[in-house]
């Protein structure tokens with residue numbers, strides 16, 4: 006996921022000379038590339054579906070996922086994660102919260118508020134069963150003055166375990182398992198090949214070769230750009246296919262608003278829960294920040310990877326993808342706001 010933008014600086018655009026203004030706009034767009042790109046993917050996918058359908062003939066969504074996680078592996082910082090190994094209560098609660106408690110709580114809340122489009126309810130259920138984001142949670146934790154090593158360690162543990170846990174969660178907690186018993190073994194094998202294997206390959210390359218490590222450091226921005234483009238392509242293809250079958254014409258703005266509201270509400274519940282429990286565990290403020298940002302976030306790329314390998318029979322995949330994308334957005338917006346306020350409190 007892309008990191009959310011921090012609070013804007015002082016005078017704003019009007020006080021800047023023109024050259025600086027362009028640099029500022031370019032930097033802002035770079036920072037917000039993922040949200041902007043996902044909005045474009047939805048818009049272009051719905052308005053010009055044939056483009057995305059054509060792209061889907063060449064770009065297989067499984068390969069897109071593999072590319073995303075390969076880059077993720079290359080950029081994964083494990084050295085720093087080691088420094089957090091002594092924070093046992095924080096690691097245990099963080100991991101439980103990410104992989105189990107949030108999924109149980111999120112699916113329960115989702116069941117209390119059924120949405121009129123059944124695929125939207127499925128999409129939210131899919132999203133809350135995911136582990137944490139691969140990089141934006143840790144980045145936000147660091148921005149707010151949290152413990153970066155712990156944030157990385159939680160991300161690492163839950164991303165690896167998530168591959169094995171997510172199919173079980175979907176089978177036991179959601180309507181997915183109720184309507185069709187999921188091929189858990191096949192899903193785990195597929196997630197290992199499209200998620201874990203590329204992740205380890207990417208990391209292995211960096212560990213094995215100093216040259217690759219240097220290049221990854223030097224071209225970090227470019228790799229991030231490629232990764233974002235791959236993340237954007239997956240929903241673009243799925244939404245285009247759905248739009249070609251005229252699925253979205255029946256969806257009203259009120260139904261979209263309901264999805265965003267429910268997704269945001271569930272995310273806020275996760276934030277409050279992690280804040281309260283980390284307080285009860287008497288953890289330091291910087292460790293609490295890491296737990297709040299990392300353990301409350303859910304990852305979009307894995308949700309899309311799981312959606313790509315789900316057997317047919319659940320309804321339209323483009324419609325199921327939409328709440329995951331919107332959930333990803335609302336979490337970026339809420340967390341950026343929170344980072345800005347938690348940071349200012351630290352200075353104050």
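Residue numbers (this note's numbering): 6 to 353.
Built from N, CA and C at the ideal position, the CB exists for glycine as well.
- Look at the beta carbons and you see the stretch 269–286 not touching the stretch 204–211: under three pairs across the two are nearer than 8 Å.
- Of 225, 136 and 57, the smallest CA-CA separation from residue 106 is found for 136.
- The continuous alpha helix (DSSP H) containing residue 173 extends over residues 153–178.
- When Cβ pairs closer than 8 Å are counted between the two stretches, the stretch 135–155 is seen to touch the stretch 287–306, the count reaching three or more.
- Restricting attention to alpha helix (DSSP H) runs no shorter than 4 residues, the stretch 266–344 encloses them at 290–300 and 305–314, ordered along the chain.
- Per DSSP, the unbroken alpha helix (DSSP H) holding residue 52 starts and ends at 38–52.
- Taking 8 Å as the cut-off, the beta carbon of residue 239 is found closer than this to the beta carbon of residue 309.
- When the five nearest sequence neighbours on each side are left out, the beta carbons in the same chain lying within less than 6 Å of the beta carbon of residue 232 are those of 73 and 76, in order along the chain.
- The residues 182, 186, 187 and 189, in chain order, have a CB closer than 8 Å to that of residue 176 in the same chain once the five nearest residues on each side in sequence are set aside.
- Here residue 46 is near residue 244, since their CB atoms are less than 8 Å apart.
- Secondary structure of residue 238 (DSSP, three-state): helix.
- Between residue 162 and the set 36, 103 and 260, the nearest pair of CA atoms involves 103.
- With three or more CB-CB distances shorter than 8 Å, the stretch 311–326 counts as touching the stretch 114–127.
- Counting of Cβ neighbours within 10 angstroms places residue 98 among the buried residues, the total reaching 16 or more.
- In the three-state reduction of the DSSP assignment, residue 224 falls in the coil class.
- Residue nearest to residue 329 within the set 222, 219 and 236 is 236 (criterion: CA-CA distance).
- For the options 168, 318, 156 and 225, the alpha carbon positioned closest to that of residue 84 is the one of 156.
- Excluding the 5 residues flanking it on each side, residue 158 has same chain C-beta neighbours closer than 6 Å at 86 and 89, in chain order.
- Note that the C-beta distance between residue 112 and residue 260 is not below 8 Å.
- In the DSSP assignment, residue 135 falls outside any alpha helix (DSSP H) and carries neither an H nor an E.
- Counting other Cβ atoms within 10 Å of its Cβ, residue 40 reaches 16 or more and is therefore classed as buried.
- Secondary structure at residue 116: helix, using DSSP grouped into helix, strand and coil.
- For residue 105, there is no enclosing alpha helix (DSSP H), as DSSP gives it neither H nor E.
- In the three-state reduction of the DSSP assignment, residue 250 falls in the coil class.
- Where residue 83 is concerned, the enclosing alpha helix (DSSP H) starts and stops at 83–86.
- Comparing alpha-carbon positions, the option among 255, 35 and 279 lying closest to residue 123 turns out to be 255.
- Between the C-alpha atoms of residue 346 and residue 278 there is a straight-line separation of about 19 Å.
- Distance between residue 224 and residue 35, taken at the CA atoms: about 15 Å.
- In the structure shown, residue 73 adopts helical secondary structure according to DSSP, grouped into three states.
- Contact check for residue 110 against residue 339 fails: the beta carbons are separated by 8 Å or more.
- With a threshold of 16 other beta carbon atoms within 10 Å, residue 100 meets it and is buried.
- Exposure of residue 212 is indicated by the presence of fewer than 16 other C-beta atoms within 10 angstroms of its C-beta.
- Pairing residue 108 with residue 298 gives a Cβ-Cβ distance that is not under 8 Å.
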